[in-house]
Each structure stands twice: as structure tokens, then as C-alpha cells.
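Okay, structure first, notes after.
Numbering (UniProt numbering), first residue to last: 1 to 85.
Pasting the structure below:
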């Protein structure tokens, strides 16, 4: 088993999540925040694609991104840009 380190945290894979996970693990209600969160999530996956693809435990995330429709990727990028610029 390999390890992933970022700062002081050492894990077996990078831990990031989409809105669905947050809703399942909390009492957050549905809302517009979900689209923003998912856009930020997929933009992070895009920007760190090599890290996700290079780790057997997170490779599936990179593959999901690779198969995503270009129009969906563009929507995520535009929505995330509002938070990142």
C-alpha cells in the first residue's frame, strides 16, 4: 500500500468530495451550493488529474472526469471560476 501526503496529513489517497458525500455525511439541505461545490470538486480533479490518475485508489475519479461530456466540464469550469478568480 502506498501513501499520499499533503502537509502533515498522510493518507492512502487524496480526500476530496462532491456535494453528494457532504449531504450524506451531514444534515446540509439541498441547494445551489451543490452545483458550486461540484464545480469546484471537478475543477480540482482537472487541475490535479495526474495525481488522481497516478494513484490506484483515486484513478477511478480521473477516469470519470475523462469520460465526462465536454459541455459538462465547461459548465463546471465556468461555475468554479466565479469562486476562484
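We put the beta carbon where it would ideally sit given N, CA and C, even for glycine.
A check of alpha carbon separations from residue 48 across 61, 34, 74 identifies 61 as the nearest. By the 16-neighbour rule on beta-carbons within 10 angstroms, residue 41 is buried. With a cutoff of 7 Å on beta-carbon distance, residue 75 and residue 44 are scored as not near each other. Close CB contacts of residue 28 within its chain, under the 8 Å cut and outside five residues either way in sequence, are with 22 (chain order). For residue 77, the CB contacts under 7 Å within the same chain, skipping 5 residues up- and downstream, are 43 in chain order. Residue 84 and residue 36 have their C-alpha atoms spaced approximately 11 Å apart. When only Cα atoms are considered, residue 39 and residue 31 end up about 14 Å apart.
The beta carbons of residue 59 and residue 53 sit closer together than 7 Å.
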